[in-house]
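In the numbering used here, the protein residues as written are 1 to 284. Yeah, the Cβ is synthetic: ideal placement off N, Cα and C, and Gly gets one too.
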Amino acid sequence: MLVVGLGEVEAPTGVVGLVLVGEAVLEAVVAETDPPIVEYEDAEFFWASLTDYDAQIRSIFATENIITEALRVFPAQHGTAVADLGCGVGRSFRHLRSFRVVYAVDNSKNMINKAMEQQEANVVLMEGRIEDVALPERCGLVLALGSVMPENNDHFHVMMENIVRNTADDGVIMLYVPSMESRTFAFQKHVDMMIDEGRTQEEIVDTTRANILRYQFNPLGYMLTDSSLLQKQWLKEEIEYRLARYCFQSICVEKFELDWDKQVNLPQYGHYPPHWNWFVTLRR
1 MLVVGLGEVE APTGVVGLVL VGEAVLEAVV AETDPPIVEY EDAEFFWASL
51 TDYDAQIRSI FATENIITEA LRVFPAQHGT AVADLGCGVG RSFRHLRSFR
101 VVYAVDNSKN MINKAMEQQE ANVVLMEGRI EDVALPERCG LVLALGSVMP
151 ENNDHFHVMM ENIVRNTADD GVIMLYVPSM ESRTFAFQKH VDMMIDEGRT
201 QEEIVDTTRA NILRYQFNPL GYMLTDSSLL QKQWLKEEIE YRLARYCFQS
251 ICVEKFELDW DKQVNLPQYG HYPPHWNWFV TLRR
């Protein structure tokens with residue numbers, strides 16, 4: 001494994017990785033006090049503060065799924081360069097062994113330091129941000145799985161423009177982003193649970209309003225996760241609309257359902273339909 005441009009790497013204060021942040025749905029009980037808001041520029045503090053990655057963050061690679069299957073059947077793997085933007089602790093590396101080279105990029109030194117332990121020979125680790133990293137070559141496959149966390153819609157397009165710049169002319173881009181529809185459905189799950197508990201309509205309305213304020217639920221889709229991290233939630237049609245400007249040959253948006261035992265640690269919701277996010281495949 002080759003490490004590029006790291007300098008001295010700080011020892012990790014916690015285990016962090018390539019993850020879905022905010023994959024948890026709303027808790028059944030509203031906290032007595034509102035959680036502190038973690039601003040976008042302080043997101044690195046969030047990652048560094050994690051003490052147990054497996055317990056606190058559920059990896060999208062915890063199970064075999066449509067993403068691992070897409071990587072397994074991707075054509076011409078042996079001659080293809082791959083970019084893993086937001087590689088985290090390298091949970092994806094074992095699924096990318098047959099590719100010629102993997103440029104694994106992350107802006108967190110703690111994540112990169114942990115990813116070094118994966119010891120995959122075809123991986124080149126690089127420190128950088130999705131919006132401005134310049135890869136050594138344009139890649140036939142570019143992954144940004146759970147790592148596109150824009151401040152606003154303009155910032156999203158800055159990130160996408162740089163992703164496109166680093167993608168070969170006939171390349172494929174794979175994104176994994178939170179679902180606004182699922183986030184909204186989570187509110188209804190909570191309402192149903194309160195109905196089952198015999199709560200009055202007034203209690204349900206008051207609690208739901210408190211949750212809307214707590215998570216800063218808004219039509220723009222920028223709201224807080226259960227970890228108090230600001231994150232964009234995406235509508236399926238919104239994804240297609242905002243990506244149409246890049247004139248991709250195809251835009252495929254698929255529902256990625258999360259396993260209640262492996263990827264969502266909230267057993268009180270286990271009898272409801274699963275939470276989901278969006279797996280997006282773009283072909284240039």
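**Report entry** Same chain only: Cβ atoms within 6 Å of phenylalanine 99, ignoring 5 sequence neighbours per side
**Finding:** Gln77, Thr80, Val82
**Report entry** DSSP-derived helix/strand/coil call for alanine 121
**Finding:** coil
Report task. List in chain order: all unbroken beta strand (DSSP E) runs of 3+ residues lying wholly within the region 61-132. Result -> 81-85, 101-106, 123-127
Requested in this report: Could you pull the start and end residues of the beta strand (DSSP E) that methionine 174 belongs to?
Outcome: 167-178
Report task. Please go through the same chain and pick out, in chain order, the residues whose beta-carbon is closer than 8 Å to the beta-carbon of glutamate 203, but skip the five residues on each side of it. Result -> Met194
Query raised in the report: Based on Cα-Cα distance, which residue from Cys139, Phe256, Arg284, Phe185 lies nearest to isoleucine 60?
Result: Phe256
Query - Candidates Ile173, Ala210, Pro136: closest to leucine 125 by CA position - result: Pro136
Query raised in the report: In or out: phenylalanine 177 buried (at least 16 other Cβ within 10 Å) or exposed?
Result: Sequence inspection shows valine at residue 177; the phenylalanine mentioned does not correspond to that position. So valine 177 counts as buried.
Query raised in the report: When DSSP builds the beta bridges, which residues end up paired with alanine 144?
Result: Leu175
Query raised in the report: Counting pairs of beta carbons, one from the region 201-217 and one from the region 237-245, are three or more of them closer than 8 Å?
Result: no
Requested in this report: Return the CA-CA distance between phenylalanine 248 and leucine 235, expressed in angstroms with no decimal places.
Outcome: 19 Å
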